[in-house]
Amino acid sequence: MTFHSFLIKYGEIGIKGKNRYLFEDALVRQIRYALKNVDGEFLVHKCHGRVYVDCEGEYDYEETIESLKRVFGIVGICPVVRKPVKELGELKKDVVSYVGEMYPEGNQTFKVEARRANKRYPMNSMEINCELGEAVLDAYPQMKVDVHTPDVRVNVEIREETYIYSKIIPGPGGMPVGTNGSAMLLLSGGIDSPVAGYMIAKRGVEIEATYFHAPPYTSERAKEKVVDLARLVSAYAGPIKLHVVNFTDIQLAIYEKCPHDELTIIMRRYMMRIAEHFAKEDGCLGLITGESIGQVASQTMQSLAATNAVCTLPVYRPLIGFDKREIVEISEKIDTYETSIQPFEDCCTIFVAKHPVTKPDVGRIEKSELNLTEVIGDLMKTAIETAEVIRVEA
293 MTFHSFLIKY GEIGIKGKNR YLFEDALVRQ IRYALKNVDG EFLVHKCHGR VYVDCEGEYD
353 YEETIESLKR VFGIVGICPV VRKPVKELGE LKKDVVSYVG EMYPEGNQTF KVEARRANKR
413 YPMNSMEINC ELGEAVLDAY PQMKVDVHTP DVRVNVEIRE ETYIYSKIIP GPGGMPVGTN
473 GSAMLLLSGG IDSPVAGYMI AKRGVEIEAT YFHAPPYTSE RAKEKVVDLA RLVSAYAGPI
533 KLHVVNFTDI QLAIYEKCPH DELTIIMRRY MMRIAEHFAK EDGCLGLITG ESIGQVASQT
593 MQSLAATNAV CTLPVYRPLI GFDKREIVEI SEKIDTYETS IQPFEDCCTI FVAKHPVTKP
653 DVGRIEKSEL NLTEVIGDLM KTAIETAEVI RVEA
């Protein structure tokens, strides 16, 4: 069957009151972005409180569906057959033909749900329901009407054209990206941080990212891996501004001047400081990390408190209560897992203490950081000024 449009169903947007149009407009923008590389021409528009994707000419159906399934804010995608508005006899033929082609086995229960948006049509919705339901029963007597829990809901909307649809393909839900401000993701080459970015983007937050590179201890391929991860996340979150920070000299200074059991915590604190600098510079409203309580030594409650102590922006940790299996399942769903497990180390996996402190005292950590006083200002300034900025998009 050839589908001429897709009716886009949304969830939370529908309860936004007078601001609803802002969320609808953001959803339309995100759909247009998602479809920009799909074969075919598409007209994305709003009409009477609905969002439609009209397909102009030939297009790749499967690719279109897969692209729409990555747009946050969409809860359902309904492939639509469009027909000219016709008198009742011809409308019956169109609906009977649709049902026969969509459900050739013909043994389901069904219900017709008509909606007459075009008030010039000479019958009301209830009358149309009865006539079309009778026509389907006459054509396919093995099908049965069930008005409460039907297997198939045949929706017929009479507008400037007649829209016929019954299938609803689940979307990702959430809110359109850009409707809830922006935040800075600390992105590494691991499994967790891309998932954290995805989950915050799902709530309508625009994502930027900071990656800490440590050449020659980390390879150029490790950097490419992180760019690849950002690109995979951008398929859902839209274009991502990625800051690549050379962190080698700061790490070496910490390794040389600070207690080795505190290396990871102090390193994380300086990462947060630098990421927050870029976040404030670009108007981001918070930081995002992929930390989960107790997953590693730097993610105990005490370690997280020590890390938080250097931040003035809020730190969002959407994976905080997840176990590794749950995080892996999401990473597989969004196609980042196979990239994340590629064996290219990032700066979080070098200079790791054999016996890291798991319950750091903030006062003691701050005292240890005094050992860096003479050098850290210049090192931070250089790292910030020499950061590479890459625009990443799917």
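Our numbering puts the first residue of the sequence shown at 293, with every later residue one more than the last.
C-beta atoms are modelled at their ideal positions from N, C-alpha and C, and glycine is treated no differently.
Quick caveat, the model's predicted, so the values are computed rather than measured.
Asked: ASN472 by DSSP, collapsed to three states: which one?; Found: coil
Asked: From GLY489 to PRO531, what does the alpha carbon distance come to, in whole angstroms?; Found: 12 Å
Asked: Looking at the unbroken alpha helix (DSSP H) that takes in GLU316, where does it start and where does it end?; Found: 312–326
Asked: Could you tell me whether the region 480–497 touches the region 382–395, using the rule of 3 or more Cβ pairs below 8 Å?; Found: no
Asked: If we ignore side chains and look at the alpha-carbon of each, how far apart do GLU358 and GLY365 end up?; Found: 15 Å
Asked: I'd like to know whether the C-beta of LYS459 is nearer than 9 Å to at least one C-beta of chain C.; Found: Considering every chain present, this structure includes no chain C. It has just one protein chain.
Asked: Taking the alpha-carbon positions, what's the LEU424 to GLN400 distance?; Found: 16 Å
Asked: Three-state secondary structure (DSSP) at ARG342?; Found: strand
Asked: Do you know whose CA, among LYS572, VAL644, TYR629, lies nearest ILE557's CA?; Found: VAL644
Asked: If you run the structure through DSSP and keep just helix, strand and coil, what is ASP569?; Found: Before going on, a small fix: residue 569 reads as His here, not Asp. Looking at HIS569 - three-state DSSP - the assignment turns out to be helix.
Asked: Given this structure, state the Cα-to-Cα distance separating GLU304 from GLY496, to the nearest angstrom.; Found: 11 Å
Asked: Is the beta carbon of GLY613 closer than 9 Å to that of SER485?; Found: no
Asked: I believe PHE298 touches VAL345 by the beta-carbon criterion, under 8 Å. Please report the beta-carbon distance rounded to the nearest angstrom.; Found: 4 Å
Asked: Spatial neighbours of ARG560 within its chain, please: CB distance less than 7 Å, with the 5 preceding and 5 following residues excluded, ordered by chain position.; Found: SER590, THR599
Asked: For LYS411 and GLU452, what's the separation of their Cα atoms in angstroms?; Found: 10 Å
Asked: As an exercise, report each continuous alpha helix (DSSP H) stretch of at least 4 residues that is fully enclosed by the region 413–467, in chain order.; Found: 417–431
Asked: Count the C-beta pairs between the region 677–685 and the region 533–551 that are closer than 8 Å, then say yes if the count reaches three, no if not.; Found: yes
Asked: If you measure between the beta carbons of VAL343 and LEU380, is that distance less than 9 Å?; Found: no
Asked: Going by DSSP, what residues sit across from LYS375 in a beta bridge?; Found: THR454
Asked: For VAL446 and PHE504, which I take to be in contact (beta-carbon distance under 8 Å), what is that distance rounded to the nearest angstrom?; Found: With a Cβ gap of about 55 Å, VAL446 and PHE504 do not count as contacting.
Asked: Based on Cα-Cα distance, which residue from LYS515, GLN434, GLY481 lies nearest to TYR395?; Found: GLN434
Asked: Should the region 562–569 be called in touch with the region 462–473, which here means at least 3 C-beta pairs below 8 Å?; Found: no
Asked: From this set, GLY341, LEU327, ARG324, ILE542, which residue's C-alpha is nearest ASP670's C-alpha?; Found: ILE542
Asked: Within a Cβ cutoff of 6 Å, which residues of the same chain sit near VAL336, ignoring the five residues on either side of it in sequence?; Found: VAL320, ILE323, ARG324, VAL345
Asked: So the candidates are CYS339, PRO442, VAL448, TYR353; which of them puts its Cα closest to the Cα of LYS385?; Found: VAL448
Asked: With a threshold of 16 other CB atoms inside 10 Å of the CB of PRO507, please say whether the residue is buried or exposed.; Found: exposed
Asked: Measure the Cβ-Cβ separation of ILE619 and SER595 and say whether it is below 9 Å.; Found: no
Asked: Could you check whether VAL525 and ILE499 sit closer than 9 Å to each other, using their CB atoms as the reference points?; Found: yes
Asked: Thinking VAL469 and ASP638 are a contact (beta carbons under 8 Å), I'd like their distance in whole angstroms, please.; Found: Going by Cβ atoms, the distance from VAL469 to ASP638 rounds to 26 Å, so no, they are not a contact pair.
Asked: Buried or exposed: which applies to PRO652, given that a residue is buried once 16 or more other Cβ atoms fall within 10 Å of its Cβ?; Found: buried
Asked: When you compare each of GLY309, PHE295, ARG362, TYR313 to PHE334 by their alpha carbons, which one comes out closest?; Found: PHE295
Asked: Within the same chain, show all residues whose beta-carbon is closer than 6 Å to that of LEU383, passing over the 5 residues directly before and after it, in chain order.; Found: none
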